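A.B. asks: Supplied in structure tokens, the structure appears directly below.
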Amino acid sequence: MRARLGVALVLVLVLAGAAAQAGPRRSGFDDMSPATQAMQRDDAANPAWLWLKDGEQRFAADCARCHGVERMRGVAARHPAFDARRGRPLTLGERIGICQAENVKGAPLAPESDARLALESYVAHQSRGLPIAPPADARLAPFRERGARLFAQRFGQLDLSCAACHDRRPGQRLAGSVIPQGHPTGYPVYRLEWQGVGSLQRRLRGCLTGIRAEPFDFDSAEITAIELHLMQRAAGMKIETPGVRP
Amino acid sequence: MATRALVHLPAAIRRGEPFEVRALIAHPMETGHRVDTQGQRLPRDIIRRFEARLDGELVFAADLHPSIAANPYIVFPLVVQAAGTLALSWSGDRGFAHGESVALQPS
Amino acid sequence: MKRRTLLAAAGAGSLLLVRPALATPEAMRRALAEFAGGAVLREGRVQLEIAALVENGNTVPVTLRMASPMTAADHVRRLALFTERNPDPGVAVFHLGPRNGRAEVATRMRLATSQTVVAAALTSDGTCWTTSVDVLVTLAACVEP
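Protein chains in written order, with our numbering: chain S, 1 to 246; chain D, 247 to 353; chain P, 354 to 498.
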């Protein structure tokens, strides 16, 4: 009995160590001004709900024939997930697009289209309040490792890596903005800078453009790998979708 | 987008007591000052007028200009003495028009 | 002043943004006068709730309110918002009456840059009350498509 307790204790400590970073983890929500936080908290004021409500209608029309909405709870928390048929991980957005094309056989949902973002918002919202729970799937390991390498790699004319700002300098300022730790807790988000809803991929591409690097394509292997790494890095943090960010 | 507008009222409304109506509508509110990547000015495209009518009577209105943020959000108070229908309407450039109706059941 | 600022920015190698001509305090004064329509302009009574430091000027929550019995004899007829340095000085005009119960409106506005924002209220007795708040706007660190 004591041996088993001992093993359990060691396991807990190892897992805690694996998930922890230097210092407490903060969602981008914590770095926002009170006015923007209030905008996210209030479902009646949060502009992302325009997309979410649209997603609710689309889900009822196209997805409900196979998927009960209650079964969508937890789905966003465990994506990207491995797709055995394709032999690679899929983000939630890409999976929705594939399902639409292959099963619903409806109008295709282009990446970053309002239609795809609406469905992604609605499905991810079903996981609001749940901790991010990357699947313990050994098949994801090489992709996750690639994502970790890309996160640490320097890119672009400004020769910066994601880690340089988001691992080593969070809380410091870039021009007038606080550098967040960069956890994907609220996606798809209504970003004030975009005046609309966008995916994590759009945010990553924007950042790459900002450091004057060639941005990875939507649904590319690289951007999926980075997303996989970011979700692992944020494991345990609560999903906030729909988020609002400055 | 299929969903154009969201209207939020409190769960309980009481006769004679002011309550908040919150109206949100999807619209880019293109200012007419922005320039695209080719250097061409993007023409103005905004919602110019918002109206609230209670059983046909105008009870609130707003004249909007380009400095109102995209996806306009307006919160205004209202007092009712009896059940009725609140009709909200938005109109603007390029013949934009949208309406939402809500039944009011005060206790 | 504006030309020198533009040239300095270009010389520093930063991205040269094409900005529309900003309004002037004079344009705002004219818009305010037009709103008041000959009413006596007085400072006070109307409240403007807006963050003093704004992290993104695209969407800035703002609330206007004024204590008033909102009766037929004594009420606020109009609440309005103006800016000094947005390209258009007028932001919105809200039409109220006794059916509203209170004189309070909230919305979200755009702020092109740090500037003074003015709230105005036209009351049934023919006065135009104004109040102004100085707001600091921080601009986004990265310009992205």
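Note that CB positions come from ideal geometry on N, CA and C, so glycine has one too.
None of the values given here were measured: they were computed from a predicted structure.
Checking contacts by CB at 9 Å: is Leu252(D) closer than that to chain S?
C.D. replies: In the second sequence, counting from the first residue as 1, residue 252(D) sits at position 6. Answer yes: the Cβ-Cβ gap between Leu252(D) and chain S drops below 9 Å somewhere.
A.B. asks: Please report how far the alpha carbon of Arg203(S) lies from the alpha carbon of Ala64(S), in whole angstroms.
C.D. replies: The count along the first sequence starts at 1 and reaches residue 203(S) at position 203. The count along the first sequence starts at 1 and reaches residue 64(S) at position 64. Cα to Cα, Arg203(S) sits roughly 29 Å from Ala64(S).
A.B. asks: Using alpha carbons as the reference points, say which of Glu437(P), Leu434(P), Gln400(P) and Thr483(P) lies closest to Leu394(P).
C.D. replies: For the purposes of this step, residue 394(P) is taken as the residue at position 41 of the third sequence. With distances taken between Cα atoms, Leu394(P) lies closest to Thr483(P).
A.B. asks: Restricting to Cα atoms, I'd like to know which of Pro188(S), Gln153(S), Cys207(S) and Ser199(S) is closest to Leu174(S).
C.D. replies: On the first sequence, position 174 is the one that residue 174(S) refers to. Ranking the options by Cα distance to Leu174(S), first place goes to Cys207(S).
A.B. asks: Is there a C-beta anywhere in chain D that falls below 9 Å from the one on His428(P)?
C.D. replies: As a first step, residue 428(P) must be located in the third sequence, where it is residue number 75. Taking Cβ atoms only, chain D never reaches closer than 9 Å to His428(P), which makes this a no.
A.B. asks: For my contact list, Ala445(P) and His273(D) are in at a C-beta cut-off of 8 Å; report their separation, rounded to the angstrom.
C.D. replies: The sequence position of residue 445(P) within the third sequence is 92, counting from 1. The sequence position of residue 273(D) within the second sequence is 27, counting from 1. About 14 Å; that fails the 8 Å criterion.
A.B. asks: Is it true that the region 405-418 of chain P meets the region 223-240 of chain S, where meeting means three or more beta-carbon pairs spaced less than 8 Å apart?
C.D. replies: No, they do not touch.
A.B. asks: Helix, strand or coil for Tyr319(D), going by three-state DSSP, please let me know.
C.D. replies: Along the second sequence, read from residue 1 onward, the residue named residue 319(D) stands at position 73. Tyr319(D) falls in the strand class under three-state DSSP.
A.B. asks: With which residues is Gly198(S) paired in a DSSP beta bridge?
C.D. replies: Mapped onto the first sequence, residue 198(S) falls at position 198. Paired residue(s): Val189(S).
A.B. asks: Got a sec: is the Cβ-Cβ distance from Pro289(D) to anything in chain S below 9 Å?
C.D. replies: Along the second sequence, one-based indexing puts residue 289(D) at 43. Chain S, which has no Cβ nearer than 9 Å to the Cβ of Pro289(D), makes this no.
A.B. asks: Do the CB positions of Val415(P) and Glu402(P) come within less than 9 Å of each other?
C.D. replies: Within the third sequence, the letter at position 62 stands for residue 415(P). Within the third sequence, the letter at position 49 stands for residue 402(P). The answer is yes: Cβ separation under 9 Å.
A.B. asks: May I have a chain-ordered list of the beta strand (DSSP E) segments no shorter than 3 residues that lie completely inside the region 61-146 of chain S?
C.D. replies: Counting only runs of 3 or more, we get 81-83 and 88-90.
A.B. asks: Which residues in chain P sit within 8 Å of Pro170(S), going by Cβ to Cβ distance?
C.D. replies: On the first sequence, residue 170(S) is found 170 positions in, with the first residue counted as 1. Those within 8 Å of Pro170(S) in chain P number zero; the least Cβ separation is about 14 Å.
A.B. asks: Which residues in the same chain have their Cβ closer than 7 Å to the Cβ of Gln232(S), if we skip the five residues on either side of it in sequence?
C.D. replies: Taking the first sequence and counting its residues from 1, one reaches residue 232(S) at position 232. Same-chain partners within the cutoff: Pro134 and Arg144.
A.B. asks: How would you write the range of the beta strand (DSSP E) that Gln400(P) sits in, first residue to last?
C.D. replies: Here residue 400(P) corresponds to residue number 47 of the third sequence, with the count starting at 1. From DSSP, the beta strand (DSSP E) with Gln400(P) extends over Val399 to Ile403.
A.B. asks: Applying a beta-carbon distance threshold of less than 8 Å, which residues of chain P neighbour Val305(D)?
C.D. replies: As a working note, residue 305(D) is residue 59 in the second sequence. Neighbours of Val305(D) on chain P, chain order: Gly450, Arg452 and Asn453.
A.B. asks: Would you say Val470(P) faces chain S, with C-beta separation under 9 Å as the test?
C.D. replies: Locating residue 470(P) in the third sequence gives position 117, counting from the first residue. Closer than 9 Å: no.
A.B. asks: I want to know whether the region 263-282 of chain D touches the region 317-334 of chain D - three or more CB-CB distances under 8 Å.
C.D. replies: Touching, yes, given that three or more Cβ pairs across the two stretches are closer than 8 Å.
A.B. asks: In terms of alpha-carbon separation, which member of Glu303(D), Ala251(D), Val281(D) and Asp309(D) lies closest to Asp339(D)?
C.D. replies: As a first step, residue 339(D) is located in the second sequence; it is residue number 93 there, counting from the start. Among Glu303(D), Ala251(D), Val281(D) and Asp309(D), the Cα nearest to that of Asp339(D) belongs to Asp309(D).
A.B. asks: Alpha carbon to alpha carbon, what distance is there between Met419(P) and Glu102(S)?
C.D. replies: As a working mapping, residue 102(S) is identified with position 102 in the first sequence. As a working mapping, residue 419(P) is identified with position 66 in the third sequence. Cα-Cα distance, rounded: 57 Å.
A.B. asks: In chain order, which continuous runs of the beta strand (DSSP E) of length 3 or greater are located wholly inside the region 457-491 of chain P?
C.D. replies: Counting whole runs of 3 or more residues, the region 457-491 of chain P contains the beta strand (DSSP E) stretches 468-476 and 480-490.
A.B. asks: Using the beta-carbon of each residue, which ones in chain S are nearer than 7 Å to Thr491(P)?
C.D. replies: Counting from one through the third sequence, the residue named residue 491(P) turns up at place 138. Simply Gly176 and Ser177.
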